Amino acid sequence: MKSEVIGRFRDAQNSLVVQASDLSLASITEMVFAQAIDLNPHYQRRERWGPEKQSLLIESFLLNVPVPPLYLAEEDYGHYSVIDGKQRITAVHDFVSGRLKLRGLERFPEINGASFADLPFELQNTLKVRPFLRVVTLLRQSDPTLKYEVFLRLNTGGDRLLPQEVRNVAYSGPFNDLLIRLAENEFLREKLKIEGAKSPAFMAMADVEHVLRFLTTLNWWRNMGGSLATQMDEFMRANRNISPGEAEAFEEAFTTAIQSCESIWGTHAFERPLGANTWRNQMISPLYDAQMVSVSVLNDQERAIAVQRRDQILEGTRELFANEDFAKSVTRATNNAGSIRFRVSAFIEFLSEVVR
Numbered sequence: 250m251k252s253e254v255i256g257r258f259r260d261a262q263n264s265l266v267v268q269a270s271d272l273s274l275a276s277i278t279e280m281v282f283a284q285a286i287d288l289n290p291h292y293q294r295r296e297r298w299g300p301e302k303q304s305l306l307i308e309s310f311l312l313n314v315p316v317p318p319l320y321l322a323e324e325d326y327g328h329y330s331v332i333d334g335k336q337r338i339t340a341v342h343d344f345v346s347g348r349l350k351l352r353g354l355e356r357f358p359e360i361n362g363a364s365f366a367d368l369p370f371e372l373q374n375t376l377k378v379r380p381f382l383r384v385v386t387l388l389r390q391s392d393p394t395l396k397y398e399v400f401l402r403l404n405t406g407g408d409r410l411l412p413q414e415v416r417n418v419a420y421s422g423p424f425n426d427l428l429i430r431l432a433e434n435e436f437l438r439e440k441l442k443i444e445g446a447k448s449p450a451f452m453a454m455a456d457v458e459h460v461l462r463f464l465t466t467l468n469w470w471r472n473m474g475g476s477l478a479t480q481m482d483e484f485m486r487a488n489r490n491i492s493p494g495e496a497e498a499f500e501e502a503f504t505t506a507i508q509s510c511e512s513i514w515g516t517h518a519f520e521r522p523l524g525a526n527t528w529r530n531q532m533i534s535p536l537y538d539a540q541m542v543s544v545s546v547l548n549d550q551e552r553a554i555a556v557q558r559r560d561q562i563l564e565g566t567r568e569l570f571a572n573e574d575f576a577k578s579v580t581r582a583t584n585n586a587g588s589i590r591f592r593v594s595a596f597i598e599f600l601s602e603v604v605r
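Residue numbering for the sequence shown follows the working numbering, starting at 250 and increasing by one per position.
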């Protein structure tokens, strides 16, 4: 046991080669302009900081308050990806380049509303020249897998990583890349109310998570033994390095299902009916499970019939919600295996009857 521990320790010491340096805000901005820093490697979190939080970072520099170091990974000579510090680098770049106007400052209220060019020369020059930021770089000769380990360990403090953000790092690979690409589907983003990179659902990677949610449920709903979140973790692990052929099959399944749901339910897809002819304008993820999987088990001819009988299906969806057990399966304790099996089975039975 002792020799194994010592061996792992020595391997760890030799696997990570780092370099530390201190950079000014101008240097960081120039690296972003030159595209020497990739702010969006696939394992990174999506945008989180608003102008107020960005402004407070700039105020920290003015107060000479220490700021946590940035962590970069050297991908190639002169080219780096961000492991930790994306929000700080973005704030610096936005301010020095003139895109950010300060707001919400507490110690320097006089410069609220000012851009970098509006600051007194002494402040501009200090921010440009003084090395405010410590940058720790994982050099190319480091073990490539370690940047994911570093990212996870650095990001388990502060703002807690959301489940899909963790999966995005822990299970990076061809399957994760496919999920990100399929998540660009316009109808899915419309239902999630994603209007741009600042939308809460986009920043939380809800679009990517819903693609994974569908593929997991489609393939495993009959034999699920744990919570949906745990099953999605396992499904990503099992399919992390899928072949091109498997990726094509997953893509076809998702595209067919989402297009079918749009054609059948239209703007009311994944929504709960309320009174007569009214629907709640909010996506219900458990209902998304049921509708997406149920249209997937139909053949092409049956899906075409379902589109022709969409009015009957809309009315039948209302009737399903009148069933207390079904309503409970999409509104309460929705992520346990029993609820998933019940709602998917109920919708498959319902659609099958309609298209006969």
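The C-beta atom is built at its ideal place from N, Cα and C for all residues, glycine as well. Note that the structure is predicted; figures quoted are calculated from it, not measured.
Proximal residues to Thr386 (C-beta, below 6 Å), its chain only, five neighbours per side dropped: The residue you call residue 386 lines up with position 137 of the sequence shown. Short of 6 Å from the beta carbon of Thr386, and not among the five residues preceding or following it, lie these beta carbons of its own chain, in chain order: Gln268, Leu321, Glu323.
Proximity of Arg297 and Met452 at Cβ, strictly below 9 Å: Position 48 of the sequence shown holds residue 297. Position 203 of the sequence shown holds residue 452. Cβ atoms of Arg297 and Met452: closer than 9 Å.
Ordered list of beta strand (DSSP E) runs contained in the stretch 552–579, each at least 3 residues: DSSP runs (the beta strand (DSSP E)) wholly in the stretch 552–579: none.
Chain-order list of residues whose beta-carbon lies under 6 Å from that of Ser509 (same chain, five-residue window excluded): Here residue 509 is taken as the residue at index 260 of the sequence shown, counted from 1. Result list for Ser509: Val544, Arg552, in chain order.
Identity of the residues DSSP links to Trp528 by a beta bridge: The residue labelled residue 528 in the question sits at position 279 within the sequence shown. Looking at the DSSP assignment, Trp528 forms a beta bridge with Pro522.
Beta-bridge pairing of Thr329 - partner residues as DSSP gives them: The residue given as residue 329 occupies position 80 in the sequence shown. Per the sequence shown, the amino acid found at residue 329 is Tyr instead of Thr. Under DSSP, Tyr329 takes part in a beta bridge, and its partners are Ile286, Glu323.
Opening and closing residue of the beta strand (DSSP E) in which Ser448 lies: Taking the sequence shown and counting its residues from 1, the one referred to as residue 448 is at position 199. Where Ser448 is concerned, there is no enclosing beta strand (DSSP E), given that its DSSP letter is neither H nor E.
Beta-carbon proximity of Ile338 to Val418, cut-off 9 Å: One-based indexing of the sequence shown puts residue 338 at position 89. One-based indexing of the sequence shown puts residue 418 at position 169. No, the Cβ-Cβ distance between Ile338 and Val418 is not below 9 Å.
Euclidean distance between Cα positions of Leu311 and Leu288: As a first step, residue 311 is located in the sequence shown; it is residue number 62 there, counting from the start. As a first step, residue 288 is located in the sequence shown; it is residue number 39 there, counting from the start. If I take the Cα positions, the gap works out to 24 Å.
Whole-angstrom C-beta distance between Arg416 and Asp482, which should lie under 8 Å: As a working note, residue 482 is residue 233 in the sequence shown. As a working note, residue 416 is residue 167 in the sequence shown. That belief holds up - the Cβ atoms of Asp482 and Arg416 are roughly 7 Å apart, short of 8 Å.
Gln303, enclosing alpha helix (DSSP H) - first and last residue: Residue mapping note: residue 303 aligns to position 54 of the sequence shown, counting from 1. Its alpha helix (DSSP H) spans residues 300–311.
Helix, strand or coil at Asp392 according to DSSP, with G and I counted as helix: On the sequence shown, residue 392 is found 143 positions in, with the first residue counted as 1. Assignment of Asp392 by DSSP, reduced to helix, strand and coil, places it in the coil class.
Exposed unless 16 or more other CB atoms sit within 10 angstroms - verdict on Leu600: Numbered from 1 along the sequence shown, position 351 holds the residue referred to as residue 600. In summary, Leu600 is buried, with 16 or more beta-carbon neighbours lying within 10 Å of its beta-carbon over all protein chains present.
Cβ-Cβ distance between Leu441 and Ala455 below 9 Å: Along the sequence shown, read from residue 1 onward, the residue named residue 441 stands at position 192. Along the sequence shown, read from residue 1 onward, the residue named residue 455 stands at position 206. Cβ atoms of Leu441 and Ala455: closer than 9 Å.
Cβ-based burial, Asn374 [other Cβ within 10 Å; buried from 16]: In the sequence shown, residue 374 corresponds to position 125, counting from 1. Taking all protein chains in view, the Cβ of Asn374 is surrounded by fewer than 16 other Cβ atoms within 10 Å, so the residue is classified as exposed.
Option nearest Val603 by Cα separation, candidates Thr465, Thr566, Glu520, Asn572: Taking the first residue of the sequence shown as position 1, residue 603 is located at position 354. If you compare the alpha carbons of Thr465, Thr566, Glu520, Asn572 with that of Val603, the shortest gap goes to Thr566.
Per DSSP, cross-strand counterpart(s) of Ser270: Mapped onto the sequence shown, residue 270 falls at position 21. DSSP, once it has assigned bridges, lists Val384 as partnering Ser270.
Through-space distance from Arg592 to Gly494, alpha-carbon basis: Along the sequence shown, one-based indexing puts residue 494 at 245. Along the sequence shown, one-based indexing puts residue 592 at 343. Computed Cα separation, rounded: 30 Å.
Option in Gln284, Val314, Leu319 with minimal Cα separation from Leu272: As a working mapping, residue 272 is identified with position 23 in the sequence shown. Nearest neighbour of Leu272 by Cα position, chosen from Gln284, Val314, Leu319, turns out to be Leu319.
Cα-Cα separation, Pro449 to Gly299: Taking the first residue of the sequence shown as 1, we reach residue 449 at position 200. Taking the first residue of the sequence shown as 1, we reach residue 299 at position 50. Straight-line Cα distance between these residues: approximately 12 Å.
Given Leu569 as reference, the closest of Glu355, Thr504, Glu520 once Cα atoms are compared: Position 320 of the sequence shown holds residue 569. If we check each option's Cα against that of Leu569, Glu520 comes out closest.
CA-to-CA distance, Val457 to Arg420, given in whole angstroms: Taking the sequence shown and counting its residues from 1, the one referred to as residue 420 is at position 171. Taking the sequence shown and counting its residues from 1, the one referred to as residue 457 is at position 208. According to the sequence as given, residue 420 is Tyr; it is not Arg. Approximately 13 Å between the Cα atoms of the pair.
Lys302, buried or exposed, once every other Cβ within 10 Å from all chains shown has been counted against 16: On the sequence shown, residue 302 is found 53 positions in, with the first residue counted as 1. Per the 10 Å Cβ criterion, exposed.
Ile597 versus Thr583, Pro358, Phe575, residue with shortest Cα-Cα distance: On the sequence shown, residue 597 is found 348 positions in, with the first residue counted as 1. Answer by Cα proximity: Phe575.
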